[in-house]
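Residue numbers (the numbering used here), protein chains in the order written: chain A, 484 to 783; chain B, 106 to 576.
Cβ atoms here follow ideal geometry from the backbone N, Cα and C, with glycine treated the same way.
Below is one structure; the comments refer to it alone.
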Amino acid sequence: MASTFMIKKARKELIAGYGFLLPNFLGFIIFTLFPVSASLVLSFFKWNLAAPPTFTGLNNYVELLTRDPFFWAVIRNTLYYALLVIPVGMTISLILALALNQALLGRLVYRFIFFLPVVISLIAVSMVWYWLYDADFGIINYFLWTLFRIQPIYWLNEPSIAMISVAVVAIWHGSGYNMVIIMAGLQGIPRQLYEAADIDGANTWRKFLNVTLPMLSPTLFFILVMAIINSFQVFDLVFSMTGGGPMNSTRTIVTYIYENGFSYFRMGYASAIAWVLFAVIFIATFIQFRFQKDWVQYYG
Amino acid sequence: MKKNLFKKISAMTLIIAMLLVLDVGCGGTKTSEKNTPSETKNENSVTKSEESKTNVEEKQEKVTLTFITWAEDSRIEAQKKLNDKFTAKYPNITIAIDKPAQYWEKLYTMVAGGTAPDIFFQQEMLPPTAAAEGLMEDLTPYIENDSSFKKGDIFEALYAPFTINGKLYVIPAVTYASILYYNKDMFDKAGIKYPDDSWTWDIYREAAKKMTVDSNKDGRIDQYGCTVNTLINFYLPWIFSNGGDLISSDRTKCLINSPENIETMQYLHDLIYVDKSSPIPSFVTGNVNQVGAFSFQTGKIAMEITGSWMIPTYETSKFNWGIAKIPKSPKMGKAVPMAYPNGYAMSPSGKHKEEAWKYISFASSEEGQMILAETGLGMPTNIKAANSDLFLKSSKVVDMKVVIDSMIIAKGPLTTPRWAEIGEGTTSIIQSIDQQLWLDKKPVKDALDEIAAKTDVILQEIAAGKSTKAN
């Protein structure tokens, strides 16, 4: 009697559980799984939207990897962006998190300030920075001129520094988010480890090096993995601030996908680039997981 | 934001995927269907028009034409007024107008979904590309069958960008011409006579030099004599005036590195780097801003040459200003402004092409054009409407006659298929390479040679049948 009741209840709960899952699951199938698999199919076709698609086998991939004059350049630009953003961005986030983890006067206000950029839309961010960077009227050049008599710098127009300018905005925008994650990681470090270090007579630097950093390594690993994925996928900032110029110096993989899709209307080719990008990210992430045991330490 | 964007992209992919399934599913039957109804349709409409002559108007089916466009809000309002007048004249036809934010993406998605708009707006640089992709109906037969439409009512120069291999694909609806804007206060202060028809490039250059000043002597220029606009659409009038062109008239060769063009571009380059009378171009590469910061409106530039669409914007300026025709090339003794027409195109797959033509014909007629003339945004393409008081008095500040006079001597641009790769957007061949010239990183001739060589490769591919990048 009781057991059939239990079974009934369990079944009910099962149905309810799946019922609650269903909206999300449906969303995933419709908006993620289906388009993703469709784009894989599309990558073997050529399709300009106006005429029906035609099957071309591996042609898109062959052209991309062997004949495309821009593909390796956009890979190089994207790697350059990643190299600019990830080390500096992570270091800044770490320093901010350590600083704001102290019993600092008004640290809530600081946390708020540093987290603020994260919640601002990237398009709004690029609008504001576009004007900060303006060569003739931007406030950055204004200060450089009034304080140091430095002639205008063409932050977004000079091919050699345009990517750096974009990277600065990305770091400014993203550091707050990583800061919060690292702070959570810091709070998860057991107090007794520091107490033990105190008894051993370790100074602050030693404690940081031998307690904080190793204990933080899972958090840092997570941030690194995400940062690499995000850097490979950089689009919004570049698209709105430089559009890939000047002289193609900020053309990245995803802006190139967009161009192929919505300027040249080569949907199949754009899909092929997207899948190559997927492969690159997959391999990069795989390598990181392989090597994580060399430096990531899990407590307990 | 990233998430939103990702969602957007996946949603877009989804739509595309669905369309793909639909298209593959019924692709075969569709094409066969496509031809027959439109043929019978033509016969129908012929008999229909005969019927209407014999006064059987009630029999006509109700038709709603879809029309997508881009425009300022006030021009959309005017267009709606025009639509109402049109519906009053043809009660069975209504117009559903839409102004999509991502215009071209929307158009191509509609086409891919088999719901192409009956009528859509087109600009002066992209017609050969759209024609090669099969997006536009040849309007020549419609013109021949419509006695109310007279080609001569519209400014001649406006047809050139829309005519490909003798076929007219777009009917000009509104146009702009390049003109010279000048800051009267700066001219008065420097004691220079205002620009007039006698002005040549040399006079322009000297005036620009004189009006470039470092007023507080701190080593940084505070006021520039001119500003060189570095977008291809904006330096074309200089190229035209000096007797040059961008593409050969048969569209098979890029002419940008011709001797006269090298001379032209060297002149513009020297305004920036030799005379230093123009600020170093802060060309707009991104998509958040449409104009560079150092514009005429800041009151720090004495002269600017750009399209007549800036007139309503500059009317809010706090300084005195005027407009004039662009200066003449001393070698050719003439000025050739650029005509920037926009116009109506028709989708070949539309189900109501006869009705769509009626709308296009009405909207470009004097009656239709007078409604648009009132806004003062953009010049009517109909010569009578342009010369009407409505347009001539549409500015409180400047003499609009200058715009009409410029349009009479103007030339429309000639482009090619696959223009997205060649000249549209900051990563295209022309723009990504001319940026080297504008940044003084490469000699003028080298940059132009490189543009010509790379463009010719694509033009050869087009000649060999690869008329769209996707083919």
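When DSSP reads this structure, residue 202/B sits in a beta bridge with 172/B. Linking residue 489/B to residue 725/A through their CA atoms gives a straight-line distance of about 43 Å.
In its chain, beyond the 5 residues on either side, 509 have a beta carbon closer than 7 Å to the beta carbon of residue 492/B.
Our two residues, residue 382/B and residue 376/B, have alpha carbons roughly 6 Å apart in a direct line. In the three-state DSSP reduction, residue 585/A falls in the coil class, being neither helix nor strand. Under the three-state reduction of DSSP output, residue 412/B falls in the strand class. In chain order, 482 place their CB closer than 6 Å to the CB of residue 177/B, counting only its own chain and leaving out the 5 sequence neighbours on each side. Per the C-alpha coordinates, the member of 561/A, 779/A, 746/A and 721/A positioned closest to residue 605/A is 721/A. Within the same chain, Cβ atoms closer than 6 Å to the Cβ of residue 739/A are found at 557, the five residues on either side in sequence being excluded. Membership of residue 285/B in the beta strand (DSSP E) is indicated by the continuous run 283-288. For residue 425/B, the three-state secondary structure derived from DSSP is coil.
Residue environment analysis places residue 357/B among the exposed positions, since fewer than 16 neighbouring C-beta atoms fall within 10 angstroms of its C-beta. Under DSSP, residue 450/B takes part in a beta bridge, and its partners are 225/B and 275/B.
Buried is the label assigned to residue 345/B, since at least 16 other Cβ atoms lie within 10 Å of its Cβ. Annotation for residue 192/B: the continuous alpha helix (DSSP H) segment containing it runs 178-194. Burial of residue 228/B is indicated by the presence of at least 16 other C-beta atoms within 10 angstroms of its C-beta. DSSP places residue 659/A outside any beta strand (DSSP E); the residue lies instead in the alpha helix (DSSP H), whose first and last residues are 642-670.
In this structure, residue 573/A sits near residue 706/A, with a CB-CB distance shorter than 8 Å. Within the stretch 722-737 of chain A, the residues whose Cβ lies closer than 7 Å to some Cβ of chain B are 722, 723, 724, 725, 726, 727, 728, 729, 730, 731 and 734, listed in chain order.
Taking the Cα positions, residue 585/A is about 48 Å away from residue 403/B. Only exposed fits residue 777/A, as fewer than 16 other CB atoms lie within 10 angstroms of its CB. Residue ranges of uninterrupted alpha helix (DSSP H) with 4 or more members, entirely inside the stretch 459-522 of chain B and ordered along the chain, are 471-478, 488-491, 494-497 and 506-513. Around the beta carbon of residue 450/B, a 10 Å sphere encloses 16 or more other beta carbons of the protein chains shown; the residue is thus reported as buried. Residue-level contact by beta carbon fails for residue 508/A and chain B, as no gap is shorter than 8 Å.
Between the stretch 279-287 of chain B and the stretch 407-414 of chain B, the count of Cβ pairs shorter than 8 Å is three or higher; the stretches touch. Using a Cβ distance threshold of 8 Å, residue 239/B and residue 746/A do not count as a contacting pair. Using a Cβ-Cβ cut-off of 8 Å, residue 531/A counts as an interface residue toward chain B, since at least one Cβ of chain B sits closer than that to its own. Contact note: residue 745/A reaches chain B through 210, using a C-beta cutoff of 7 Å and chain order.
For residue 340/B, the enclosing alpha helix (DSSP H) stretches over residues 337-346. Taking the Cα positions, residue 564/A is about 42 Å away from residue 267/B.
DSSP, reduced to helix, strand and coil, places residue 763/A within a helical segment of the structure shown. Here residue 708/A is near residue 768/A, since their CB atoms are less than 8 Å apart.
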